[in-house]
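What follows is a set of notes on a single structure, which appears directly below.
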Amino acid sequence: MKQIIMITLKGIFRDRIFQGIMALAVLFLVIPSAASLSMRQVTELSITLSLSLISFIMLLLAVFLGATSIWKDIERRYTFSVLSLPVSRPAYLAGRFLGVALFMLITASFLGVLAMIAIKAASFIYPSVRPVLWSAIAAAILFDALKYIIVVAVTMLLATVSTSFFLPVFGAVSTYLAGTITQQVYDYLQTSSAQTEVFTIVRKGAILFYYVIPNLSGFDLKIHAIYALPIDVKGAVLTALYFVVYTGIVLSVGTLVFARREMK
Amino acid sequence: MSRILRHSTLALLAVLLFAYGTVIGPFTEYMKHKPVEEKLGYLPSINVLRYASADHKELMGASLVMKVIMYYGGVIEKQQNKVMVQPPDYQRMSGILHGAVKLDPCNMDAYYMAQSFLTWEVKQYKLANDLLDYGMKYRSWDWMLPFFAGFNSAYFMKDSKKASEYYKRAGELSGDPLYFSLAGRYMQEAGQTDLAIAYLVAIVKGERNQAVRKNYQTRLAAFKEVRRVELARDRFKAARGVLPATVEQLTQGGFLAPPPVDPYGGTFFLEPDGKVSTTSRFSFAGVQNEKRQNSGESHERN
């Protein structure tokens, strides 16, 4: 499995798509000057722009590299040669996933360093009244990476059943969008107006959906990083546990499906 | 690629470049003079935006605020350069800023921007303070929001009790004795103009946007002139026992030198009760209206 992880990492770093997407990181250079347009919160705006840029790059990487890795292997028939070696299907899937997850963490760290340089430059030129909470920024970037690792896990599950490129890619985008708003929908359904206005069956269906699709809003710590608000440690630990358990379930199901998949 | 094909492609490229050069001028001109509503854009329902912006709500909020800052900065810069323009669409600006704080309730630029025009320009003091109250729930560490709200309550709404509460809160958050003194001073009904000057000095000090800073500096200069006239008026009354009828009486009597200059281009005058006013209404637009109407109407300072 270690070899599969290493091969996955090498493959992604050599991929032209990766190099193209990472070219977006050049935008970090303009963040200090773009943030200077703010009237009262230059540093806060530089953090907002940096974290959003990281999130956008990670989303592209998750969609175009993470989501397609299994599909590409099957499409190019690499799986035939790999699985003819003494490597089990679960080990192959887990290796692929861990390789992509490791890649997401390495990329997040690299982008995080660039972001911190940009934020430091902005706060040096226009000192902020409120001190920058670097630990909150680091936590926001780490949880952002975990969020996209969940997206990758879901799309790998989709790739195990799909013969097409579209299901993993659009599945990744849909999972991201649905995962970020699911909590808002759930909160709305708990209100008294929703209790009377929404049909019971729709409400119950939506609540079931809430538990099935990943809840990604818990991983969004941007507001804490931007405004130097302390992070609730208990909440962060629970979110991390949720990540481990949810990803584990998704991968287990993916492994079961992949084990039964007929390779032609 | 054959030679003919290459030459045809080059010829086509030359034609397209020429066409681009022809179109880009009128296109830029069209964009420059786009109607105000189009420049600020039509904002979809904030609930839709909240869902559509996924986990980029802070970015979306910041971009809405930036849109308003750019638009407003452009308009007031033209006004400062005496270019005739439509007055800013304050209602639309207010709507966008209210939407922005629903996406990011901590965005200070939104509160600051709203405070700058909802009070002086639009006179929606309650709306401004409601927005500041909303911001105080989220920016619980920030002394500026209660400072703004205190000024609005004191200066515009004449609510001394509320002003004192806000200033007290600003004092507690900033640790600056100035706000405690303002809280106490306002309970004693201190001079309105002094209060406005103290407020504007604090604002100008922290302002980074050049156009907005210049706008505040102009207002500050005008209020300093008002204060000079008020002091001369008080000296006149102390010396002669009656209020002067005109500002000229003050200058001719040696109470006020040099004569006051309204940076907005208006003329200072005294109300029958001695209150100092100006024909500009403390805005460049006021002078333009005055010229248009040529009626010599007097307007209250507030």
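Sequence order for the protein chains is A and B.
First residue of the first sequence: 168, per this note's numbering; consecutive thereafter.
First residue of the second sequence: 69, per this note's numbering; consecutive thereafter.
Cβ atoms here follow ideal geometry from the backbone N, Cα and C, with glycine treated the same way.
Nothing here was measured: the structure is a model prediction, and the numbers come from that model.
Partner residues on chain B for residue i, Cβ-Cβ distance less than 7 Å
i                      : result
residue 215 of chain A : 126, 127 and 130
residue 219 of chain A : 124 and 127
residue 387 of chain A : 123
residue 212 of chain A : 130
residue 394 of chain A : 174
beta-carbon residue i near the ligand ZN non-hydrogen atom, thresh 7 Å
i                      : result
residue 276 of chain A : Of the ligands one can find in the structure shown there are none, so the ligand ZN has no counterpart to examine.
Between the CA atoms of residue j and residue i - distance to the nearest angstrom
i                      : j                      : result
residue 275 of chain A : residue 334 of chain B : 58 Å
residue 221 of chain A : residue 308 of chain A : 8 Å
residue 207 of chain B : residue 176 of chain A : 43 Å
residue 283 of chain A : residue 390 of chain A : 16 Å
residue 158 of chain B : residue 186 of chain B : 8 Å
residue 340 of chain B : residue 270 of chain B : 32 Å
residue 224 of chain B : residue 296 of chain A : 28 Å
residue 368 of chain B : residue 203 of chain A : Legend: pLDDT at residue 368 of chain B = 38, less than 50; position of this residue unreliable, value from coordinates given subsequently. Looking at the two C-alpha atoms, the distance is approximately 37 Å.
residue 211 of chain A : residue 181 of chain B : 16 Å
residue 113 of chain B : residue 195 of chain B : 20 Å
residue 387 of chain A : residue 279 of chain A : 15 Å
residue 337 of chain B : residue 302 of chain B : 15 Å
residue 216 of chain A : residue 127 of chain B : 7 Å
residue 362 of chain A : residue 174 of chain B : 31 Å
residue 359 of chain A : residue 219 of chain A : 34 Å
residue 172 of chain B : residue 354 of chain A : 18 Å
residue 264 of chain B : residue 294 of chain B : 11 Å
residue 328 of chain B : residue 140 of chain B : 29 Å
residue 267 of chain A : residue 116 of chain B : 33 Å
Three-state class that DSSP yields for residue i in the structure shown
i                      : result
residue 338 of chain B : strand
residue 345 of chain B : strand
residue 145 of chain B : helix
residue 283 of chain A : helix
residue 94 of chain B  : helix
residue 239 of chain B : helix
residue 296 of chain A : coil
residue 181 of chain A : helix
residue 395 of chain A : coil
residue 118 of chain B : helix
residue 99 of chain B  : helix
residue 416 of chain A : helix
residue 191 of chain B : coil
residue 307 of chain B : helix
Among the options, the one whose alpha carbon lies nearest that of residue i
i                      : options                       : result
residue 382 of chain A : A/339, A/345 and A/215        : A/345
residue 426 of chain A : A/202, A/327 and A/244        : A/327
residue 240 of chain A : A/214, A/205 and A/331        : A/331
residue 179 of chain A : A/224, A/205, A/208 and A/231 : A/231
residue 214 of chain A : A/198, A/226 and A/229        : A/198
residue 133 of chain B : B/165, B/348, B/115 and B/154 : B/165
residue 170 of chain A : A/336, A/322, A/394 and A/258 : A/258
residue 226 of chain A : A/366, A/311 and A/354        : A/311
residue 329 of chain A : A/428, A/393 and A/208        : A/428
residue 237 of chain B : B/219, B/211 and B/229        : B/211
residue 416 of chain A : A/269, A/190, A/266 and A/324 : A/324
residue 284 of chain B : B/189, B/176 and B/95         : B/189
residue 321 of chain A : A/299, A/181, A/306 and A/338 : A/338
Buried or exposed by the 16-neighbour rule on C-beta atoms within 10 Å, applied to residue i
i                      : result
residue 221 of chain B : buried
residue 289 of chain A : buried
residue 144 of chain B : buried
residue 312 of chain B : buried
residue 99 of chain B  : exposed
residue 301 of chain A : exposed
residue 253 of chain A : exposed
residue 332 of chain B : buried
residue 173 of chain A : exposed
residue 124 of chain B : buried
residue 147 of chain B : buried
residue 256 of chain B : Its pLDDT being 41, under 50, residue 256 of chain B is placed unreliably in this model, and the value from its coordinates should be taken loosely. Label assigned to residue 256 of chain B: exposed.
residue 168 of chain B : buried
residue 314 of chain A : buried
Chain-ordered chain B contacts of residue i [CB-CB under 8 Å]
i                      : result
residue 222 of chain A : 123 and 124
residue 377 of chain A : Per Cβ cutoff of 8 Å: no residues; residue 377 of chain A is ~15 Å from chain B at best.
residue 344 of chain A : 122
residue 390 of chain A : 126, 172 and 174
Partner residues on chain A for residue i, Cβ-Cβ distance less than 7 Å
i                      : result
residue 277 of chain B : 206
residue 177 of chain B : 205, 206, 207 and 208
residue 134 of chain B : 204
Interface residues of chain A facing residue i [CB-CB closer than 9 Å]
i                      : result
residue 280 of chain B : 206
residue 137 of chain B : 204, 205 and 206
Chain A contact residues for residue i, given Cβ-Cβ distances below 8 Å
i                      : result
residue 180 of chain B : 206 and 207
residue 119 of chain B : 348 and 351
Going along the segment 325-351 of chain A in order, which residues come within less than 8 Å of chain C, judged by CB to CB distance? Included in the structure are the protein chains A and B, with no chain C among them.
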